[in-house]
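If you're matching them up, the sequences are chains B and U in order.
For the first sequence, the residue numbers in UniProt numbering are 1 to 144.
For the second sequence, the residue numbers in UniProt numbering are 1 to 168.
Even for Gly, the Cβ is constructed at its ideal location relative to N, Cα and C.
Values in this document were obtained by computation on a predicted structure and should not be read as measured data.
Here's the structure, in structure tokens; my notes come after.
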Amino acid sequence: MSIQSSFAGVALPLPVAVVPLRRSVSLIRAKVEPSEKTVEIMRKFSEQYARRSETYFCVDKGVTSVVIKGLADHKETLGAPLCPCRHYDDKAAEAAQGFWNCPCVPMRERKECHCMLFLTPDNDFAGREQSITLDEIKVSTSNL
Amino acid sequence: MAGCSTAAVVLSCHARPSVAADFSRQAALTSIRGVPIRRFPAKNRRLSVLPQRRIIPKVEARKQTFSSFDDLLENSDKPLLVDFYATWCGPCQFMVPILDQVGEKLKDKIRVVKIDTEKYTTLANRYQIEALPTFIVFRNGKPCDRFEGALPAEQLISRIENVLNVRQ
């Protein structure tokens, strides 16, 4: 007795997946993350540069973490750590030009870092640390 | 605007992974902060239920269909605070809970909209966005105030209130 004869007339040779008409939640994660290796490079750079420039990381290390990852992301995609807190018409051109490559000219000349990565001691948001671990970075950015 | 159907454009996305739009039509995502998440969406509105992977302040993102940012500007009943941000911009992420707070406190006066400048580069170029975050207050479809950088909730609230109290 074939399967077909047991049904009224419709043969279903393949299993049919029943998709509910309304799915309540569907997660699409499209963000690409920089590799750990590059994050580590930028982390070391940030620590060294903070010491050298006598600046401090933000009280909220989450901010520091996000910026470090942003620098790593640009370093990977553009070849240079372009400032992640700016909007650019042409990122590649800017990376080649260099004004906004970290440490950017405003930082080098006037210790102005609007990313809140390197903060002078008088800044309201400045903490007292000049170091950050890879773990701290991972934890702070795990939700992004 | 990238990836749009003829009907609508996904306007703004949270920095956190966002819930997929419903597949029959694209919907713009505007973030309305502070209103509790409802389980049963109203007939003409889909509310996104955000996955709770950690303790986060209550957020409701209300999806509405707009054909473009201009449409959003034109049809908004309230002034808009538009936050131009990028995912890997530290101060922009710093502002996320502050915008929640401000959106809740001023919910009758203003509506908070977030625009990912990496997804909507044309829009960012149109308003000549440079530093991030940049906040622009729109009233009657026109920008009436603009400022850059992170700032604490009280300052943001008083700045918005000052701008809105100025007679046109």
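Asked: Given a cut-off of 8 Å, decide if cysteine 115 of chain B and proline 91 of chain U are closer than it, judged by their beta-carbon atoms.; Found: yes
Asked: Whole-angstrom Cβ separation of arginine 51 of chain B and glutamine 130 of chain B, contact assumed at under 8 Å?; Found: 5 Å
Asked: Measuring alpha carbon to alpha carbon, tell me which residue in B:Ala96, B:Val32, B:Asn101 and B:His87 is nearest phenylalanine 45 of chain B.; Found: B:Asn101
Asked: Identify the contact partners of valine 32 of chain B in chain U, using a Cβ-Cβ distance below 8 Å as the criterion.; Found: Neighbours of valine 32 of chain B on chain U: none; closest Cβ ~10 Å, over 8 Å.
Asked: If contact means a Cβ-Cβ distance below 8 Å, which residues of the stretch 146-168 of chain U contact chain B?; Found: Glu148, Gly149 and Ala150
Asked: Which residues of chain U have a Cβ atom closer than 9 Å to the Cβ of glycine 70 of chain B, listed in chain order?; Found: Ala86, Thr87, Trp88, Cys89 and Gly90
Asked: Along the chain, where does the alpha helix (DSSP H) that runs through threonine 38 of chain B open and close?; Found: 36-53
Asked: Determine whether the Cβ of isoleucine 98 of chain U lies closer than 8 Å to any Cβ atom of chain B.; Found: no
Asked: How would you label proline 133 of chain U, buried or exposed, when you count the other beta carbons within 10 angstroms and need 16 or more for buried?; Found: buried
Asked: Buried or exposed, going by whether 16 or more other CB atoms sit within 10 Å of the CB of valine 166 of chain U?; Found: exposed
Asked: Counting C-beta neighbours from all protein chains within 10 Å, is the total for threonine 64 of chain B 16 or more, i.e. buried, or is it exposed?; Found: buried
Asked: Report the three-state DSSP secondary structure of aspartate 22 of chain U (helix, strand or coil).; Found: In this prediction, aspartate 22 of chain U scores a pLDDT of 37, lower than 50, which makes its location untrustworthy; the coordinate-derived value is nonetheless stated afterwards. Here aspartate 22 of chain U sits in coil by DSSP.
Asked: Is any beta-carbon of chain B found at less than 8 Å from that of asparagine 140 of chain U?; Found: no
Asked: Check the Cβ of proline 103 of chain B against every Cβ in chain U and list those closer than 8 Å, keeping chain order.; Found: Those within 8 Å of proline 103 of chain B in chain U number zero; the least Cβ separation is about 15 Å.
Asked: Hey, how far is the Cα of isoleucine 160 of chain U from the Cα of valine 137 of chain U?; Found: 8 Å
Asked: Could you tell me whether the Cβ of aspartate 90 of chain B comes closer than 8 Å to any Cβ of chain U?; Found: no
Asked: Return the first residue and the last residue of the alpha helix (DSSP H) that valine 113 of chain U is part of.; Found: Not the alpha helix (DSSP H): valine 113 of chain U falls in the beta strand (DSSP E), residues 111-116.
Asked: For aspartate 77 of chain U, which residues from the same chain have a beta carbon less than 6 Å from its beta carbon, with the 5 sequence-adjacent residues on both sides left out?; Found: none
Asked: Apart from the five residues on each side of it in sequence, which residues of its chain come closer than 6 Å, Cβ to Cβ, to aspartate 73 of chain B?; Found: Pro34
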